[in-house]
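*Asks:* In numbering that gives the first Met the number 0, the protein residues as written are 0 to 210. Provided herewith is a single structure, encoded as C-alpha cells, for subsequent inquiry.
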Amino acid sequence: MYAEVYRLVLGEKILGEFYTFSRAQNAEVFCYLKFSSAYLATELQVSETRAPSVASGMKHFPVDSTEGMTWLIEPKRASAVINFTGTLDHASHAAANDIQAKTVHAFTHFVFAKTERSLVFADLQGTPGPVRECDGIILFDPMTHTTEGGSGLGDWGQDGINSFVEGHSCNDICAALGLDKQYPMVPGEEDLPEENDTTSESTGLGERDDD
0 MYAEVYRLVL GEKILGEFYT FSRAQNAEVF CYLKFSSAYL ATELQVSETR
50 APSVASGMKH FPVDSTEGMT WLIEPKRASA VINFTGTLDH ASHAAANDIQ
100 AKTVHAFTHF VFAKTERSLV FADLQGTPGP VRECDGIILF DPMTHTTEGG
150 SGLGDWGQDG INSFVEGHSC NDICAALGLD KQYPMVPGEE DLPEENDTTS
200 ESTGLGERDD D
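Structure follows, in C-alpha cells:
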C-alpha cells in the first residue's frame, strides 16, 4: 500500500512537470488530468470489547498485535472507468481526435524521457471527475515498471520497460513536445548526448529529480 500511495504522488508530481513543459513548448494538451489523492490510515483496537470494522472482514483483531490494520483511502470515484494502457499493453486504441487519450500517452513518453528511460507508468485508467473546476479525468491505481523492478506490485522491471518501447506509438502531442526526436523508443548514436551537450538543460528533459 505504501508503494501505491508513492506511485500516485510521483505521478502527480511528474504530471505537473509535463504540463509546465507543454506550456513552454506551446503544445496543445488536455489540461484536466490529475492523479487521485490518497492517504494511509491505521485501524487500531481501542478496547478489548470493540470488534474491527465491518469493512475489514475480520471478526477479531489479531491477538497480541499492536500495529492494527492499515487502509489505503482515496476519494469516492465515479463508477465509469476509462482505460488508457494496460500492464504490458501501451498501444493507443483511441480515436485520432481523442485529446484525452493522446495526452495520457504523451505523458507516458514524457515520463520515459524525464527518467532517462528508467521508469514508465502502466495500467493507466481514470474516471470522470472535477479537475480545477472543470470536467476532467482522475487517474487511479497506476503501476510502474522500473529498471530495478522494485516499485511495487506489477513492476515487471526491464521487461516492462521494453513492453513500453515496443508498444508505444508517438502521436502529434509527442511530436509537438519533441519527444519523438529527442527521446525515440530506441536511441541511436545521433541521440546520445555529447560531453558538452546542453540540450537537456535547455529543454528541461533528461534531468532526474532526486527528491
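A virtual CB, placed ideally from N, CA and C, is assigned to each residue, including glycine.
Just to confirm, is the Cβ distance from I160 to V119 under 7 angstroms?
*Replies:* Numbered from 1 along the sequence shown, position 161 holds the residue referred to as residue 160. Numbered from 1 along the sequence shown, position 120 holds the residue referred to as residue 119. Yes, these two residues count as a Cβ contact at 7 angstroms.
*Asks:* Along the beta strand (DSSP E) that carries A121, what are the first and last residues, could you check?
*Replies:* Counting from 1 along the sequence shown, the entry for residue 121 is found at position 122. It spans L118 to A121 - the beta strand (DSSP E) in which A121 sits, taken as one unbroken run.
*Asks:* What does DSSP give as the partner residues of P127 in its beta bridges?
*Replies:* Looking up residue 127 in the sequence shown gives position 128. Beta-bridge pairing links P127 to I136.
*Asks:* Shortest alpha-carbon distance to L87 belongs to which of K58, Q99, L138 and G166?
*Replies:* On the sequence shown, residue 87 is found 88 positions in, with the first residue counted as 1. L87 has its Cα closest to that of G166, out of K58, Q99, L138 and G166.
*Asks:* For L123 versus F163, is the C-beta spacing smaller than 7 angstroms?
*Replies:* For the purposes of this step, residue 123 is taken as residue 124 along the sequence shown, with counting starting at 1. For the purposes of this step, residue 163 is taken as residue 164 along the sequence shown, with counting starting at 1. No. Outside cutoff.
*Asks:* For a quick check, are the C-beta atoms of H108 and L178 less than 7 angstroms apart?
*Replies:* Translated into positions along the sequence shown, residue 108 becomes position 109. Translated into positions along the sequence shown, residue 178 becomes position 179. Result yes, Cβ atoms of H108 and L178 sit closer than 7 angstroms.
*Asks:* Could you tell me how far apart the beta carbons of A93 and A100 are, in whole angstroms, since I believe they sit closer than 8 angstroms?
*Replies:* The residue labelled residue 93 in the question sits at position 94 within the sequence shown. The residue labelled residue 100 in the question sits at position 101 within the sequence shown. With a Cβ gap of about 3 angstroms, A93 and A100 count as contacting.
*Asks:* Going straight from the alpha carbon of V8 to that of I72, what length do you get?
*Replies:* Sequence index remark: in the sequence shown, residue 8 carries index 9 (1-based). Sequence index remark: in the sequence shown, residue 72 carries index 73 (1-based). Cα-Cα distance, rounded: 14 angstroms.
*Asks:* Please classify Q181: does DSSP put it in a helix, a strand, or coil?
*Replies:* As a position in the sequence shown, residue 181 is number 182, starting the count at 1. Three-state DSSP puts Q181 in a helix.
*Asks:* Counting C-beta neighbours from all protein chains within 10 Å, is the total for E194 16 or more, i.e. buried, or is it exposed?
*Replies:* Your numbering for residue 194 matches position 195 in the sequence shown. In this predicted model, E194 has a pLDDT of only 49, less than 50, meaning its place in the structure is not dependable enough to derive any value.
*Asks:* Quick one: what does DSSP say L71 is sitting in, helix, strand or coil?
*Replies:* On the sequence shown, residue 71 is found 72 positions in, with the first residue counted as 1. DSSP places L71 in strand when its eight states are reduced to three.
*Asks:* Give the range of the beta strand (DSSP E) segment to which T143 is assigned.
*Replies:* Within the sequence shown, numbered from 1, the residue matching residue 143 stands at position 144. Residues M142 to T145.
*Asks:* When we look at the beta-carbon of A54 and count the other beta-carbons within 10 Å, is it buried (16 or more) or exposed?
*Replies:* Residue numbering aside, residue 54 sits at position 55 when the sequence shown is read from its first letter. Burial call: exposed.
*Asks:* Could you tell me which of P61, W155, L14 and C173 sits nearest to A26, measuring between CA atoms?
*Replies:* Locating residue 26 in the sequence shown gives position 27, where the first residue counts as 1. Answer by Cα proximity: C173.
*Asks:* By the three-class DSSP mapping on this structure, what secondary structure does Y1 have?
*Replies:* Your numbering for residue 1 matches position 2 in the sequence shown. Reduced to three states, the DSSP call for Y1 is helix.
*Asks:* Three-state secondary structure (DSSP) at E188?
*Replies:* Residue mapping note: residue 188 aligns to position 189 of the sequence shown, counting from 1. Because E188 sits at a pLDDT of 42, beneath the cut-off of 50, its placement in the model cannot be relied upon, and the point is left open.
*Asks:* For a test of the three-state rule: what should DSSP assign to T114, helix, strand or coil?
*Replies:* Locating residue 114 in the sequence shown gives position 115, where the first residue counts as 1. Reduced to three states, the DSSP call for T114 is coil.
*Asks:* For Y5, which residues of its own chain have a beta-carbon under 7 angstroms away from its beta-carbon, when the five flanking residues on both sides are left out?
*Replies:* One-based indexing of the sequence shown puts residue 5 at position 6. Answer for Y5: no residue qualifies.
*Asks:* Between the alpha carbons of V130 and N170, how many angstroms are there, rounded?
*Replies:* Walking along the sequence shown from the start, residue 130 turns up at place 131. Walking along the sequence shown from the start, residue 170 turns up at place 171. Spanning the two alpha carbons is a distance of roughly 24 angstroms.
*Asks:* Are the CB atoms of F139 and S35 nearer to each other than 7 angstroms?
*Replies:* Counting from 1 along the sequence shown, the entry for residue 139 is found at position 140. Counting from 1 along the sequence shown, the entry for residue 35 is found at position 36. Cβ atoms of F139 and S35: closer than 7 angstroms.
*Asks:* Would you report the Cα separation of D209 and S150, rounded to the nearest angstrom?
*Replies:* Counting from one through the sequence shown, the residue named residue 209 turns up at place 210. Counting from one through the sequence shown, the residue named residue 150 turns up at place 151. The predicted position of D209 is uncertain, since its pLDDT is 45 and thus under 50; no value can be drawn from it.
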